[in-house]
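Undergrad: In the numbering used here, the protein residues as written are 98 to 266.
Quick one: structure below, then a few questions.
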């Protein structure tokens, strides 16, 4: 169950590091740091599509055609999302694509857990969904609250306030 912990760390450490360096100045646009964490997370998950393509193909029902090719294709999709997240002009589109992919791919995680696919926590069976579902929801929240806001003051309603003492005059 190390992978979910690693995923959360990859997601939040760039943001927290930037917050530390910027000393919580409310004038700082924190979306790039939040998007960087999301991009690194998608790069991490994309790597699994290439390093463990065959086990990932087992996460799909047998009636899905060209399962291994689909795994590679979705790996490239995740890399494209990563690239989009690192550029200001494409960040919002990348964030929306990331959210759509998280929702679209979740049934594969459910199937893998129900079938006890021997990859990652899926071998634990349905109990793994008690970890995976909240993780997916946290990542979706991250996209919504930290990457997509129109203002650059991300986290103002999230767990990490923009400034410990509130907005400065």
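Heads up, the beta-carbon is just placed ideally off N, CA and C, and yes, glycines get one too.
1. Given this structure, state the Cα-to-Cα distance separating residue 169 from residue 137, to the nearest angstrom.
2. Here's the rule: buried if 16 or more other CB atoms are within 10 angstroms of the residue's CB, otherwise exposed. What is residue 151?
3. Could you check where the alpha helix (DSSP H) with residue 230 kicks off and where it finishes?
4. Three-state secondary structure (DSSP) at residue 214?
5. According to DSSP, is residue 260 helix, strand or coil?
6. Could you pull the start and end residues of the alpha helix (DSSP H) that residue 145 belongs to?
7. At a cut of 8 Å, does the region 155–168 reach the region 210–220 through at least three beta carbon pairs?
8. What is the DSSP secondary structure of residue 187, counted as helix, strand or coil?
9. Would the region 174–187 and the region 230–243 be scored as touching if the rule is three or more Cβ pairs under 8 Å?
10. Buried or exposed: where does residue 252 fall if 16 or more other Cβ atoms within 10 Å of its Cβ makes it buried?
11. In whole angstroms, what is the alpha-carbon distance linking residue 104 and residue 195?
12. Report the residue from 163, 119, 235 whose alpha carbon sits nearest the alpha carbon of residue 328.
13. Indicate the three-state DSSP secondary structure (helix, strand or coil) for residue 163 in the structure shown.
TA: Reading it off the structure:
1. So the alpha carbons of these two residues sit roughly 18 Å apart.
2. Residue environment: residue 151 is assigned as exposed (fewer than 16 neighbouring CB atoms within 10 Å of its CB, all protein chains considered).
3. Unbroken alpha helix (DSSP H) run through residue 230: 226–239.
4. Of the three classes helix, strand and coil, the one that applies to residue 214 here is coil, per DSSP.
5. The predicted model places residue 260 with a pLDDT of 37, which falls under 50 and marks its position as unreliable; any figure quoted below should be read in that light. Coil.
6. Per DSSP, the continuous alpha helix (DSSP H) segment holding residue 145 begins and ends at 128–148.
7. The region 155–168, when compared against the region 210–220, does touch it at the 8 Å Cβ threshold.
8. In this structure, residue 187 counts as helix in the three-state DSSP scheme.
9. No, because fewer than three Cβ pairs between the region 174–187 and the region 230–243 fall closer than 8 Å, the two stretches do not touch.
10. Any answer about residue 252 is weak, because its pLDDT of 47 lies below 50 and its placement is not dependable; what the coordinates show is given next. Buried is the call here.
11. Here the C-alpha atom of residue 104 lies approximately 14 Å from the C-alpha atom of residue 195.
12. Since the first residue of the chain shown is 98 and the last is 266, residue 328 is not available in this structure.
13. Coil at residue 163, not helix or strand.
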